[in-house]
Every structure is written in structure tokens, then in C-alpha cells.
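Numbering (the UniProt record's numbering), first residue to last: 1 to 659.
Here is the structure:
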């Protein structure tokens, strides 16, 4: 028996050592001798391997010179990162590729194939094969033949340089050693939502090269969805980690920039809905838990199209509650513009044997306006740094990433991010009053209004409003949103935001809560039977046997002759769920806790006091929009109380552990 590799496992206890050895056995190792107690608190076990292993080891390169740390076989599973958008999402860096140094591939980083060969003139491959990833990925638009005039094709210096390989390289040190990264390239230069050719899509070959129009149900969209699903289907342990989205230049310059934001959001929601069948392979256990990392563009676009740039790229901001995160890339930490393909920003370094974008001409550059695309150096550096950092922040703090748990646990993994999830553990270890016996280790906010976030304007937090008057005001040192009828009018007001149907299902399956913090402002007199506000949420599909658009929430607050009461609107009748007590002008909180496990039992909580649980009633009301959470003063026939809002939140429970 000849061993090729040796290593040592260290542990703090026999049980810890057994656990670590079990993992090593799966990776191709075996014990070598007996365990040794180095100190009373440290155990060590030598291990050895005859053949290939999936963890990094020191190996000799084929030329026998030096030593490198590498794996000796393919990873056991992959974290999947999809990349989509237009040219700046792709290999459009014009500087000379450096596959032997800066752009050297890594055996743990792969991609889904699209072209017929892995590299030009290289090994054959088929559509959606797993192949090595390099500096020029298999996007919808083929950049592999746009060679630098100084390229040595025998050294693999073909095509142009992208950032995807470098993003993956910067994630590797933080990942479980037996995992790899599978990149899913779906970019197409000069593509947009408001302009471009629709093209065509084929399941066997993806979107055609002429496809350049994004949007739900467009060929480019189907390419992204189908290839992402294919990457997950390759291995049930694979985990969808993130989508990197870089697009907007086409819509900035089309004259229809105002349409971009709504079209983008519709596509993201459709993407998450269509991949619901593989939700258990998504980080966090749901498609909504997978962050969309939206990268910025070069300074050229903002300088030439200032207002359209703000409309498009500003639209990516303020969407953390929807797990959409903007990454600024235009300037560095000193405010200096990030380099582009402009020749002066990527010059030749002849003594070092490097030739930049400066050596390209009209016959082989990517665009006549050289400042429109990030340079090769920017993609190797600041662009990939910031994109990788965003992925680590918003997707890298999960069970699968932190512990090496390759597949999500039942109910999903435990996200520590995005945002700042609130850790909540009810005293009984579950959701009080429901008989639910699983502990909630964290929650994820899926919809939120916070009067003290930014300047408190609801539109900046993805809410709409109609019919009344909304004013951000001060109250006791904090801001509050005052909602009321227009002076002299009885027209009812409403404040609303779209919530993906999948999140409604998550609220039922995993549990969670809807919460509102409010007060009736000073100066409002008690009126018997007067409404404060109602909260309504019809869902297009949420329970077996439920009619389309049945109400997941239909609650309202109303006064009687002396008290403020919480009521349940259930179709033809109403029921009182509890009371806040005597009418006053204090701040109050109302929470509706959902049990999870698809239970239709809900516990109302009034100012931290739990009330009796009740069962949801399936009923519909055509006056409300499906899959939209709405606050309203209910009636346009008589006066209602003005109301001050501090926060409105919808949270879904994430990881659960049996108690």
C-alpha cells in the first residue's frame, strides 16, 4: 500500500475527533496509526490517502518545480453562482489575459458549458456540462474569439477578461474545503429591458446569440432560469448561493429608463417563483433567501446620462428587504474612478511583458467608447473584491457556508444576513399558544416600513400609497408617518406593497409574524365605532382548498364607547380578538404570530400580551390586490382616525432545531 498524501486531524474531545474523522473518511482519507493526546485538551490523529482526495493538500506541479496547495479530485458539491446582465457582467476587459498568473484557473472553480469546446480549439463539451472556469466564461455572447493582438494563444491568452473567476477565487478561502464553486454564465452584451431583440430560447442550447432583451418570460430570462436549475440538478448537495446581476446601461441610454425598475423586480419575482421546486437547494432554504447582488457600472454612464443613471441604478438601492443589494463600483475608496478600457487607464507595461487595452484597435476592441467597460485590472481587483464581499455579507453567513453542511436542513439553513435578522426565542421554545415545539433561531424580514429609516418616505422603501395624505413628522424625538384622509374629503387612504406569493407560503410553512407599531395622535377625540386602520393581505395561492386570493390577513382596529379593540374581518362577520384597553394616545404594538407547519392558527399579541389563538378563515374580497399587503382606513363613507406609524414588518422564521 503506497500512500500519496498525509495530514493530521486535531480535536478537543473524542466525540469531536470522531466527527472530524468521519468527514475525512468521506473525502478519501483513512486513519494512519492511533490517536495521540498532545495535551489533556488536544487530540491528534494522523491520516493518509492512497488516491485522490477532495480537500486541499500540498502537491507537486507537473513540471516538478516548487509546490502548490490544491485538491486532487473534483469537489463533493458546489455552491452555485449565477451571473447575468449585459456586457459589464461578462468578459469585456480588453487587457491581455494572464492565465498563468493573475487569471490562473482553480480546480475547485467550474462553469456550465455553452459552447462546443471548453476553450477555442480545446476539448469538446456539451451544453450544460460542468467544465473548468477561466477568464472568459461561456456567456450567451461569445467573447472567446476577440483576441488581444499580442496574445499567445498557445498559452491560453484568448478572448477577453471577466471578473467571475476572480469573484469565485475570493470566495474559496471562506468555503468548506470539500466544496467548489459552479458559475452559471448568462450574460449578453448590449441587452436591456426596454430595448433589444427578443431572440429565441431552446432547452437544448439556451438563448440564441441574437437574444438581447431581458424580462420575465423572455429568452434571456429562460436561459438564466433553466441553467440555474440545471446546475442544481447536477447534484442534490449543490446550493444556489447568489445571483450576480450587472445590467442597466442599455436602459439608461434607451430613453425608457423609468420602466426599468418595475421590469427588473417582476423578473426577480418570477425567477424566485419558477425555482420554487428547488428551494431546498437554495441558501436559506427558499428562493427569496438567495441574494441578488447588483453591480454598478463605469463613470462614463453617469457622466453622460446623469438622470437616467440615477433612475436605473438608484432603483437597485433600498431593496434589502427583498434581498436585492446594490454594490457601488464606480469609484474606489478615495473617490477615484475605477479603471475602464480607456487606453490611458489600461496602458501597456512592456518591460513586464503586459499589453493592455491600449494595444487594441477598432478591429479587436469591445466598443468604440472605451470608457463604457471596466478594465481587466479592475475586474481582477476592486470589481471582484466588492462583489465577493457582498456575497459573503448577504449569503456567506449561512449554515451551508459556515459549517460545511452541504445541503440545507429541513426548513432551510440559518441566515445571519441579509440585513440584521432579529434573534427570537419564545420562552416555551416555540410559537406560543400554537403547540408548535420547534425553536426559532432567526427570522428574515420580507417586507418592512420604518419611519426612521432614511427620511421615512414610503416610496423609497418599496411602498405605494393612494387616496389620502401622508406626512413624515416628529414624535418624541423619533420620526413617524402620519396617515389620514385628505382635508375636507372622506376618500379612504391606503398604503401598500407587493409581497411574493412564495413569502406568504413561507409564513405559513415556517411560521413568522406580521407586526405594526402605531399610535392615534393627540387631538383625536374618541368616537364610538370609528376605524383606526385595517391590514389586509390576499394571497393568490396559500392553502389547499383555498379560493384564489383568499385573505391571509384581514384585521382592523376600531374603537367602541371607551376602548380600542383588535378585530378580525372574516367575510360576512367580524370577531373581536382582544383589546388595547381604554382609548389613549400612546404607542401600541400589534403582532400576528403564525405557527408554521402550514397551520392556519394565529396568535394575536397586543402590547406584548398574547391573546387566544384563532383559526384563519378563507374568504375573498375583490377590493384588494392579490399578493399585496395593504394598510387602509377601510371606509370612504365616514371619518376615521389619523394614525402615526413607526414600523410595519413581515418576518419569516428561518432555521428550526428540534427542542
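Heads up, the beta-carbon is just placed ideally off N, CA and C, and yes, glycines get one too. Predicted, not measured: the structure shown is a model, and the values here were computed from it.
Delimiting residues of the alpha helix (DSSP H) encompassing residue i
| i | result |
| --- | --- |
| residue 512 | Unbroken run through residue 512 is the beta strand (DSSP E), 512-519; no alpha helix (DSSP H). |
| residue 385 | 384-394 |
| residue 228 | 219-233 |
| residue 286 | Note, residue 286: premise wrong, no alpha helix (DSSP H); not H, not E. |
| residue 78 | Taken as a continuous stretch (DSSP letters only), residue 78 belongs to no alpha helix (DSSP H), being part of the beta strand (DSSP E) at 77-85. |
Cβ neighbour criterion (16 or more within 10 Å) applied to residue i
| i | result |
| --- | --- |
| residue 97 | buried |
| residue 627 | buried |
| residue 609 | exposed |
| residue 262 | exposed |
| residue 461 | buried |
| residue 207 | buried |
| residue 585 | exposed |
| residue 652 | buried |
| residue 135 | buried |
| residue 638 | exposed |
| residue 75 | buried |
| residue 483 | buried |
| residue 13 | exposed |
| residue 6 | exposed |
| residue 50 | exposed |
| residue 687 | There is simply no residue 687 to check, as the chain begins at 1 and stops at 659 in what is shown. |
| residue 571 | exposed |
| residue 531 | buried |
| residue 602 | buried |
| residue 116 | exposed |
In DSSP terms, what residue i is bridged to
| i | result |
| --- | --- |
| residue 474 | 479 |
| residue 132 | 110 |
| residue 494 | 466 and 632 |
| residue 536 | 554 and 630 |
| residue 645 | 481 and 518 |
| residue 44 | 10 and 36 |
| residue 589 | 517 |
| residue 294 | 245 and 326 |
| residue 152 | Residue 152 is not bridged to any residue. |
| residue 398 | DSSP output for residue 398 lists no bridge partner at all. |
| residue 124 | 117 |
| residue 93 | 161 |
| residue 49 | 5 |
Enclosing beta strand (DSSP E) for residue i [first to last residue]
| i | result |
| --- | --- |
| residue 553 | 550-559 |
| residue 570 | 563-570 |
| residue 573 | 573-582 |
| residue 271 | No beta strand (DSSP E) contains residue 271, which is instead part of the alpha helix (DSSP H) from 260-274. |
| residue 444 | 443-450 |
Which of helix, strand or coil DSSP assigns to residue i
| i | result |
| --- | --- |
| residue 425 | At residue 425, the pLDDT of 30 sits below 50, so the modelled position is not reliable; the number obtained from the coordinates is stated separately. Coil at residue 425, not helix or strand. |
| residue 620 | coil |
| residue 166 | helix |
| residue 247 | coil |
| residue 610 | strand |
| residue 281 | helix |
| residue 379 | helix |
| residue 531 | strand |
| residue 105 | coil |
| residue 637 | coil |
| residue 689 | Residue 689 lies beyond the stretch modelled for the chain, which goes from 1 to 659, so this question has no answer here. |
| residue 604 | strand |
| residue 60 | Confidence at residue 60 is low in this model, with a pLDDT of 47, below 50, so its placement is unreliable and the value that follows should be read with caution. Here residue 60 sits in coil by DSSP. |
| residue 308 | helix |
| residue 500 | coil |
| residue 461 | helix |
| residue 5 | strand |
| residue 23 | helix |
| residue 16 | helix |
| residue 239 | strand |
| residue 409 | Only weak support exists for where residue 409 lies, its pLDDT of 35 falling under 50; the value from the coordinates is given anyway. Reduced to three states, the DSSP call for residue 409 is coil. |
| residue 415 | Annotation note: pLDDT 31 at residue 415 (below 50); position unreliable, coordinate value reported separately. Three-state result, residue 415: coil. |
| residue 433 | Residue confidence is low: residue 433 scores 34 on pLDDT, short of 50, so the model does not pin down where it sits. No coordinate-derived value is stated. |
Cβ-heavy atom distance, residue i to the ligand ZN, below 6 Å
| i | result |
| --- | --- |
| residue 396 | Because no ligand of any kind appears in the structure shown, any question about the ligand ZN cannot be addressed here. |
C-beta neighbour in chain D for residue i, strict 7 Å
| i | result |
| --- | --- |
| residue 519 | In the displayed structure, chain D is absent; only one protein chain is listed. |
Task: Residue ranges of each beta strand (DSSP E) within the stretch 313-376, 3 or longer - done: DSSP runs (the beta strand (DSSP E)) wholly in the stretch 313-376: 324-327.
Task: Length-filtered (3 minimum) beta strand (DSSP E) runs lying within the stretch 161-216 - done: 179-187
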